[in-house]
Each structure stands twice: as structure tokens, then as C-alpha cells.
Amino acid sequence: MAFLPRLFGARLLLVGEHTVFGFMERLSPTDYTGGMWDFLERAGEPLYLSPTCRPRFHLVWDGNGYEGDVSADAAGIIATLFAFSHLSFRHDAPELSDGFARLYAHAADHPEAREIFRAID
1 MAFLPRLFGA RLLLVGEHTV FGFMERLSPT DYTGGMWDFL ERAGEPLYLS
51 PTCRPRFHLV WDGNGYEGDV SADAAGIIAT LFAFSHLSFR HDAPELSDGF
101 ARLYAHAADH PEAREIFRAI D
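The numbering of the sequence shown is my numbering, which starts it at 1 and goes up by one.
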């Protein structure tokens, strides 16, 4: 129960979670139909949410022309980065910029970093 308030701040915990789910629905309308998510941390800091309903997802984002297949883990990173960015334009909360920076740095070391950065570009 402490993960979401630490990730998005107490004021935005439900909005943040819903925003991640919403971005996943938009990114992968053919593969994502809801389900359970893992909450991932690194060194005791919250990082992102990752869907568990299937191992891979086909993602499409018209905003930058991205289309590709990624693991559930990479899809979760992408959806969470989109959520952080989207929410930061609407809410003044340091958790959003801090969370984005932490996750962006983590994504740079991810085996699918190239696809993650192509998707969020």
C-alpha cells in the first residue's frame, strides 16, 4: 500500500495509477485488456508498474510513429514514463519529476532501452 503514494505522492496515487493503466490501453489496444500489475522498486525506491497479463505487448503510438513489440516489463516502463510526463503538465508534485528521472535512468540500463526510448521519443 505504500508503493503508489511514494511513486506519485499521496495526493495523486489513484490518479497516477489510473493514468498508467490508461496509457497502457492506448499504447496496446489489441493486447492489453486489463489485469494485474507488478510494482517494481530499485534500491528501495519505487520505479514503475508492469502488467502481468501476458509476456509481450505490441505497442503503437501515433504521436511519434512508434510501433513495436516489447516485453511486459518494457511496456510497463513506457506506460509509466508516459504517465509521469502527462501528469507533470497538470500537477505540481516533485514526486512526478523525481520518479521520471529515476525511471529514465533505470530504462537506460534496461535490455530493451532502445525500444523504450524509441517509444517515448
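Glycine residues also receive a C-beta, built at the ideal position from the N, C-alpha and C atoms.
For this session: Keeping to the same chain, check which residues put their C-beta closer than 8 Å to that of His86; ignore five residues upstream and five downstream.
Result: Thr19, Phe23
Exercise. Are the CB atoms of Phe57 and Asp31 nearer to each other than 7 Å?
Worked result: yes
Problem set entry | First and last residue of the uninterrupted beta strand (DSSP E) at Tyr66 | 66 to 71
Problem set entry | Reference Gly44; option with closest CA among Glu112, Gly99, Asp69 | Gly99
For this session: Grab me the residues of Gly21's own chain with a C-beta within less than 6 Å of its C-beta, minus the 5 sequence neighbours each way, in chain order.
Result: The sequence given here places Phe at residue 21; Gly does not occur at that position. Answer for Phe21: no residue qualifies.
Exercise. Any idea which residues DSSP pairs Asp109 with across the strands?
Worked result: BP columns for Asp109 are empty, so no partner.
Problem set entry | Distance CB(Thr80)-CB(Tyr104) smaller than 7 Å | no
For this session: Going by CA-CA distance only, name the one from Thr52, Glu115, Met1 that's closest to Trp61.
Result: Glu115
Exercise. What are the uninterrupted segments assigned as beta strand (DSSP E) that are 3 or more residues long and contained completely in the region 14 to 100, given in chain order?
Worked result: 37 to 42, 45 to 51, 56 to 61, 66 to 71
Exercise. With distances taken between CB atoms, is the gap from Pro46 to Leu12 smaller than 7 Å?
Worked result: no
Exercise. For Asp109, does the count of other Cβ atoms within 10 angstroms reach 16, so buried, or fall short, so exposed?
Worked result: That one is exposed.
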